[in-house]
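As structure tokens, the structure follows; a few thoughts come after it.
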Amino acid sequence: FSMAYDLEVNFDIVYVEYSTDDGASWNVLGNVNSQPNWYTSDRTNESSGNDDDCQNCPGAQWTGTNTTLTEYAYDFVANAALGETDLTNESNVVFRIVFQADPAVNQEGVVIDDFVVEGFQDDDDDDNDGVLDVDDNCPLIGNADQADADNDGIGDACDEDDDNDGVLDIDDNCPLVANADQADTDGDGIGDPCDDDADNDGVPNSFDQCADTPAGTIVDVTGCPAFTLPPDNFSILVTGESCRSSNNGSISISAAQTLDYTATVTGPNTNEVLEFTDTLEITALASGDYTVCITIAGQADYENCFSLSVPQPEDLAVSSRIGSLDNKVTLNLSGGKSYTIVLNNEVYRTTESEITLPLSRIENTLTVSTEKACQGAYEETIFLSSKLLVYPNPVEGSDLNIFMGDNELEEVEISLYTLNGVKIMGKKYSLLNREISLNVDRLARGIYLLNIKTERSLVNYKILRK
140 FSMAYDLEVN
150 FDIVYVEYST
160 DDGASWNVLG
170 NVNSQPNWYT
180 SDRTNESSGN
190 DDDCQNCPGA
200 QWTGTNTTLT
210 EYAYDFVANA
220 ALGETDLTNE
230 SNVVFRIVFQ
240 ADPAVNQEGV
250 VIDDFVVEGF
260 QDDDDDDNDG
270 VLDVDDNCPL
280 IGNADQADAD
290 NDGIGDACDE
300 DDDNDGVLDI
310 DDNCPLVANA
320 DQADTDGDGI
330 GDPCDDDADN
340 DGVPNSFDQC
350 ADTPAGTIVD
360 VTGCPAFTLP
370 PDNFSILVTG
380 ESCRSSNNGS
390 ISISAAQTLD
400 YTATVTGPNT
410 NEVLEFTDTL
420 EITALASGDY
430 TVCITIAGQA
440 DYENCFSLSV
450 PQPEDLAVSS
460 RIGSLDNKVT
470 LNLSGGKSYT
480 IVLNNEVYRT
490 TESEITLPLS
500 RIENTLTVST
510 EKACQGAYEE
520 TIFLSSKLLV
530 YPNPVEGSDL
540 NIFMGDNELE
550 EVEISLYTLN
560 GVKIMGKKYS
570 LLNREISLNV
580 DRLARGIYLL
590 NIKTERSLVN
600 YKILRK
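This is the structure in structure tokens:
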């Protein structure tokens, strides 16, 4: 229908009601969400709160002002699908339009025109499958061939118990084969009469030679228990080379179960097949990556492979940093577990990666070695001397000059540090002439440490940048 209205908001309202019992009881038709175009308000007196302005409101109504004649429509099929009351199968429905107003006389007007109710005529074949409803074993769902597998008079298309065993399909663990007691021996959710893997071992009944395998058993392709060993049956210990290229690494294997094992070992210059029953020691191995695959006599399908690495010691590495302010040297160490340091015939031992030691002489001799003689030794002579000429010092800008007095040297490494030990520059210089110039224009004013390192010595100077 078409409607125009001028209503005092929330005090004056209009809505539609229906009755299916010839007016004995009435219900409001639809809500503000009804399709395609229906009410404008869902306010109630309860939801109005302190305003108390909707005393006659059912919670679904038109109110306010719309003076343009507008078409409003209610689709019974669409709204039933949305969850509203389904009136499409009612044989008798009465509608009325209800107008509610307060005592005031302003804004109280509603005009309704072109009121039409459209529908469709019920036919004799509701599901349009070519079978009249009176003869159709599934009148509301197409079932043209009238299939009825369980012969219960209800077509398969709409039969909620296809196998007629008294258990609805939705709950039936075997919906197409009768299984009234819902027997399910292997507990896999599929009833026994229609379970093609009765023991749930992954092998179909038609190929399963061991039909009653206990749950959790690992089986082979025949469905019978497969040979297996526990994950921790093998314990493996790898020992690295004692020194680089010493070729004395080893792999030790211990088996919890005593069987006839065969180990195939492949790796650097190694390809061996070794037999054992409980323990195996593979020796004289070079460092590198190895693969050990173990098989068992009489168990053709069993193989367990391990990827292993035989390590070798790192090279001994030592770097030194001189602190001339306190005449100390800091050594950074790597490549060993413990270190022996001989400085000016004094012996120090440490397992740390860094150690600071005092420099008590102008010429200090340093030797570092590890617990492994094969790693060799690091040797260095550290000079605390003014024999080299560094000028000008203090330096105000431009270049800082370093004059090298030893004409036999070919190369020198120059490094500059802050007093906190932060390295701000470092470079190797070829001594084609005996003088090196460093531009210090960009250095902030302060004190710096200049390290001059050659192949035979390390000398440290304190530089003042003014």
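For any residue, its number in this note's numbering is found by taking its place in the sequence shown, counting from 1, and adding 139.
Think of the CB as a built atom: it goes at the ideal place given N, C-alpha and C, for glycine as much as any other residue.
The structure presented is a predicted model; accordingly, all values stated were derived computationally and were not measured.
Integer Cβ distance of Q200 from V250, believed to fall under 8 Å: That belief does not hold up - the Cβ atoms of Q200 and V250 are roughly 17 Å apart, past 8 Å.
C-alpha distance - Y178 paired with G248, whole-angstrom precision: 17 Å
Distance, C297 Cα to T207 Cα: 49 Å
Contact belief for L419 with I392 at Cβ below 8 Å, rounded distance in angstroms: 4 Å
Environment of T352 [buried if 16+ CB atoms lie within 10 Å]: buried
Residues of its chain near S525, where Cβ-Cβ distance is below 6 Å and the 5 sequence neighbours each way are ignored: Annotation note: pLDDT 47 at S525 (below 50); position unreliable, no value reported.
Beta-bridge pairing of L588 - partner residues as DSSP gives them: Y556 and K601
Local Cβ density within 10 Å of N590, reported as buried at 16 or more and exposed below that: buried
Range covered by the beta strand (DSSP E) that runs through A220: Where A220 is concerned, there is no enclosing beta strand (DSSP E), although the alpha helix (DSSP H) it sits in stretches over F215 to A220.
Spatial distance of F234 from G162 (CA atoms): 9 Å
Helix, strand or coil at N540 according to DSSP, with G and I counted as helix: strand
R488, buried or exposed, once every other Cβ within 10 Å from all chains shown has been counted against 16: exposed
Three CB pairs or more closer than 8 Å across the stretch 435–442 and the stretch 458–468: no
Secondary structure of A512, DSSP reduced to three states: helix
Segment contact flag, the stretch 422–437 with the stretch 383–403, C-beta cutoff 8 Å, min 3 pairs: yes
Top-ranked residue by Cα proximity to L597, from I480, K467 and A319: K467
DSSP-derived helix/strand/coil call for A296: helix
Residue nearest to L128 in terms of C-alpha spacing, selected from I553, G292, S180 and D265: Any question about residue 128 goes unanswered here, given that the chain covers just 140 to 605.
With 16 other Cβ atoms within 10 Å as the buried cut-off, status of L376: exposed
Closest by C-alpha distance to I602, when choosing among E549, I541 and L548: I541
Distance between beta carbons of L146 and G203, contact taken as under 8 Å: 6 Å
Residue environment, C513, which counts as buried when at least 16 other CB atoms sit within 10 Å: exposed
Length of the line joining the Cα atoms of T183 and N231: 30 Å
Cβ-based burial, I309 [other Cβ within 10 Å; buried from 16]: exposed
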